[in-house]
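Numbering (the UniProt record's numbering), first residue to last: 1 to 510.
Below: the structure, in structure tokens.
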């Protein structure tokens, strides 16, 4: 049973097998050997010498086995053109195992693949456009010479595995990278999201325009072609310019009418906006004037009812109310007039030696007569004796800030005024614990007529802080605010101690 099993195994093998004893005589073989070598039945027999097997080529290959002493593979061609691979391997008994395999088809396939590869290389090399392929992590798989020439890439950066970031960094240094790197990869994302080809024109820093077309691959990478479309784009732009000029010529007769119509619409819109602002201002100003006038009227009526029987304390109280209301009206009128003078460029900044400490105390004392519900805590001894400034307009600045602090802190009684000198400037802060300001409203706080949302229900014209800011800036100073809703506000004015040359020329001109 054993020999029969061994012969069955030999016959089942796809290769041709010949077993030789140490004397190079055939001890076994299979029929596949005859098929592969194209031999008739009986051409190989047990006991025959290897020298009688096939022709000189086959014998020469087989005879080298003893010289080598280890497995060796060689190839030879049969008379019918087929290519045969012969492997000689030593056996344990000192003999040899010869294995024959017809590799003609494999050779043809390899030759065909090699030819296709040569054609592919030739096609890549002769493409007028740049072509590159990157894997899913944007490392280079391959690129053609046109791609390398287009961006003047050295051989080192055209090797497989080169990261795209290295290529882009080199191009940036060479001056031919994308001008807008933020949108450079938008087309890649678009192509990936669509699962289809996507293109975009990229402007390079050297002025060229490159059309990049991306085609996503299933493995997450992509193939891209790079086409220099600078001339095409420039031509299209030139054609577009000519087209625009032609359209401009055709529309020239109607352009003026359209412009006038737009101007009229703009003026009407502006007029409506001005009317609305004036309406709002008149309403706010009327409310502002009505309150002190009502106080004056009420005090006068009380005095009238008292007639001759007026106690000194009562008379003093009513006179204070009348004077405070008159002061309020005067302040409102002065703010309105100053805003108008600022709009027409007729406000005067008359520089003199301004005793700022005294001015702030006077403003606080005057405000105390108007707002008896609040007290003013002053810490202003750190101010210099004098600064260069206009006492009249600076009095308006601090009167407005103190008045606002009182008005927008109705539930508290203390207003804090702190002042100090700092690197050639003075700083004056007015703080309250009132309603505060929403963070969203702070940037618009100094705009004309703007009122914060936390001021709803509190009288005001919306011109005070705008006036304050303009006067402070005419002094070459600045104003800032720190505030939080429900936690009060702090307005800090910064003014130069000494008048600068530029400020002098600017404000004299004003």
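Yeah, the Cβ is synthetic: ideal placement off N, Cα and C, and Gly gets one too.
Query, Result
"Local conformation of residue 80 per DSSP, three classes", "coil"
"Own chain, CB closer than 8 Å to residue 375, minus 5 neighbours either side, in chain order", "368, 413, 414, 415"
"Euclidean distance between Cα positions of residue 350 and residue 475", "10 Å"
"Nearest-angstrom Cα separation, counted from residue 260 out to residue 269", "14 Å"
"Contacting residues, own chain, Cβ-Cβ under 8 Å from residue 359 (five flanking each side not counted)", "391, 394, 395, 398"
"Rounded C-alpha distance that separates residue 94 from residue 77", "28 Å"
"Rounded straight-line distance, which links the Cα of residue 11 to that of residue 54", "Only weak support is given to the placement of residue 54: the predicted model assigns it a pLDDT of 48, under 50, and the question is left unresolved by the model."
"Residue 219 versus 199, 236, 195, 242, residue with shortest Cα-Cα distance", "195"
"Distance between residue 166 and residue 239 (C-alpha atoms, nearest Å)", "38 Å"
"Whole-Å CB distance - residue 229 paired with residue 212, under 8 Å assumed", "Wrong, their Cβ atoms sit about 10 Å apart, outside the cutoff."
"Given 8 Å, three or more beta-carbon pairs between the region 369 to 389 and the region 446 to 454", "no"
"Selected residue, minimal CA-CA separation from residue 101, among 153, 126, 35", "35"
"For residue 133: DSSP bridge partner residues", "142, 223"
"Three CB pairs or more closer than 8 Å across the region 126 to 142 and the region 156 to 174", "yes"
"Per DSSP, the bridge partner or partners of residue 363", "Answer is none; residue 363 lacks a bridge partner."
"Unbroken beta strand (DSSP E) run spanning residue 98, endpoints", "96 to 102"
"Coil, strand or helix - residue 13 by DSSP", "coil"
"Range of the contiguous alpha helix (DSSP H) that encloses residue 391", "391 to 407"
"For residue 124 and residue 224, the rounded distance between their alpha carbons", "13 Å"
"Identity of the residues DSSP links to residue 382 by a beta bridge", "420"
"Residue burial classification, residue 71 (beta-carbon count within 10 angstroms, cutoff 16)", "exposed"
"CB contact flag (residue 431, residue 490, <8 Å)", "yes"
"Residue 58, buried or exposed, once every other Cβ within 10 Å from all chains shown has been counted against 16", "Note that residue 58 scores a pLDDT of 48, beneath 50, so its modelled location is shaky and nothing firm can be said."
"Segment contact flag, the region 194 to 208 with the region 114 to 122, C-beta cutoff 8 Å, min 3 pairs", "no"
"Residue 182 to residue 422 span [Cα, whole Å]", "44 Å"
"DSSP-derived helix/strand/coil call for residue 440", "coil"
"Residue 445 versus residue 437 - alpha carbon distance", "9 Å"
"Neighbourhood of residue 254 by C-beta distance below 8 Å, restricted to the same chain and skipping five residues each side", "none"
"Buried or exposed (CB count within 10 angstroms, at least 16 for buried), residue 216", "buried"
"Secondary structure of residue 468, DSSP reduced to three states", "helix"
"Contained alpha helix (DSSP H) runs [length at least 4] in the region 148 to 186, N- to C-terminal order", "164 to 174"
"Interface flag, residue 184 vs chain C, CB-CB below 8 Å", "The structure shown contains no chain C; it holds only a single protein chain."
"Under the three-state DSSP convention, the category residue 270 falls into", "helix"
"Per-residue DSSP class, three states only, for residue 34", "helix"
"Classification of residue 272 by the beta-carbon crowding that lies within 10 angstroms, buried from 16 upward", "exposed"
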